[in-house]
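Following: one structure in structure tokens, then a few remarks.
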Amino acid sequence: MKVYITRRIPESGIKLLREAGHEVAVSDKDGVLTKQELVGALKEHNPDAVIPLLTDTIDAEVFDSAPQAKVFASYSVGFNHINLDDAKSRGVIITNTPGVLTDTVAEYAVSMICAMTKRIVEGDQFTKKGEYKGWAPMLLLGADLKGKTLGVLGAGRIGSRVSEIMSKGFDMNIVYYDIKENEFLNTQVNAEFRSTPEDVLKEADVVTVHVPLLDSTRHLLNADRLAMMKPSAYLVNTSRGPVIDEQALVDVLKSNKIKGAALDVYEDEPNLAPGLAELDNVILTPHIASATQETREKMSEMAAKNVIAVLSGGEPINKVE
Ligand code: NAD
């Protein structure tokens, strides 16, 4: 059967699809397909399955341009780019790639926490610019992590792993907010549950965000909640941009109401809120938290396995409901 992939992904999954006897077509555009291009490509290929990316908006118009497609197997764990109601009403199965990127994204969030509190990016720029004139007692002072409090918003797979690393590896205290308590964190990591995001924000020295983008989490960090953070606190976001009101974040960073932020995701990617890139107290990276060779290959294989399962009449491994 025919599988259409909306952008080049690692070969490992494509190989699995071909070995299973499927015909695979991959968009040859070096970039994100526009809505019109995506619809046009689907009409042209009439695929039985589609592997889209988080940069593709998948809605009624897209589903209707691929009427044969039984499954859209997203090459991402987040699925906020897919209209699940439109999929359900057409009987189209949606799958994602949970788990395989958990450690990778958690390691990235931890790296951002370290880079920010130890001022590694500033130090790199300072040194490369030739500004380093010799050791100095007050040069680029950062902050310690041991004994401080990490506030975790969203304690699912990634949030739990970040908590575990920062508790066991860095001796941080962990407080977390989620819509449900996490037994593993309560019993194995000595983390404490807080019933509101406000409690976490007031208490934490570093806040790390790991909720999915849903109606209930859009602007979870709005101006009012950002104002509750300590002036000495740092904020890390590797989840989805719209979870934070980015312009409000620029305002609190500009007026030094918090110490710093490290962001991998943005509200209107790839655009940045006005003023964000000019700030010294932010680290900005281009949505690469899961971008390791190993993980991207596993994501490719997982998306392919979901397609193969559905096309052979079986149950997908990672169905999104
Ligand atoms: P997960 O589903 O395991 O965890 C999400 C947690 O958020 C769950 O525990 C859930 O109960 C909680 N949650 C849901 N709604 C909430 C709310 N309103 N308030 C508080 N908590 C709420 O997902 P995961 O695998 O840990 O991934 C988390 C998110 O990270 C993904 O949805 C994705 O958007 C993002 N992500 C980003 C990258 C990147 O490249 N930057 C990579 C992978 C994942």
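If you read the sequence shown in the working numbering, its first letter stands for residue 317, the second for the next number, and so on.
Positions of the beta carbon are idealized from the N, C-alpha and C atoms, including for glycine.
Owing to the predicted nature of the structure, the values given are computational and were not obtained by experimental measurement.
- A straight line joining the alpha-carbon of LEU536 with that of GLU335 spans about 44 Å.
- Inclusion of ALA471 and SER479 in the CB contact set at 9 Å is warranted, their separation being smaller than that value.
- In the DSSP annotation of this structure, the continuous segment of the beta strand (DSSP E) that includes GLY576 starts and ends at 576-579.
- Going by beta carbons, TYR492 and VAL516 fall inside the 9 Å limit.
- Taking the C-beta atoms as reference points, ILE374 is found no nearer than 9 Å to PRO383.
- Going by DSSP, ALA564 is part of the alpha helix (DSSP H) stretching over 562-570.
- Boundaries of the alpha helix (DSSP H) around GLY356: 351-361.
- If you draw a straight line from the Cα of ASP460 to the Cα of GLU562, it comes to about 26 Å.
- Inter-residue distance for VAL598 and ALA422 is about 19 Å (C-alpha atoms, whole angstroms).
- Note on the region 372-434: whole alpha helix (DSSP H) runs with a minimum of 4 residues are 376-380, 400-406 and 418-433, in chain order.
- Using a cutoff of 8 Å, the CB of VAL581 counts as near the ligand NAD, since one of the ligand's heavy atoms is closer than that.
- Relative to the ligand NAD, the nearest heavy atom lies less than 8 Å away from the CB of GLY470.
- The closest heavy atom of the ligand NAD lies 8 Å or more from the beta carbon of ARG435.
- Sequence-distant partners of GLU519 (beyond 5 residues in either direction) whose C-beta falls short of 8 Å from its own C-beta, in its chain, are THR465, GLY467, VAL491 and ARG510.
- Between ALA341 and ASN622, the beta carbon gap of about 18 Å keeps them out of contact (Cβ cut-off 8 Å).
- Put simply, the backbone Cα of TYR424 is about 28 Å away from that of TYR448.
- Per DSSP, the unbroken beta strand (DSSP E) holding GLU339 starts and ends at 339-342.
- Taking C-beta separations shorter than 8 Å and ignoring five residues to either side along the sequence, the partners of ILE633 in its chain run THR411, MET618, LYS621, ASN622 and ALA625, following chain order.
- Straight through space, the alpha carbons of ARG473 and ASP494 are spaced by roughly 12 Å.
- Just so you know, the alpha carbons of LEU569 and ARG435 end up roughly 16 Å apart.
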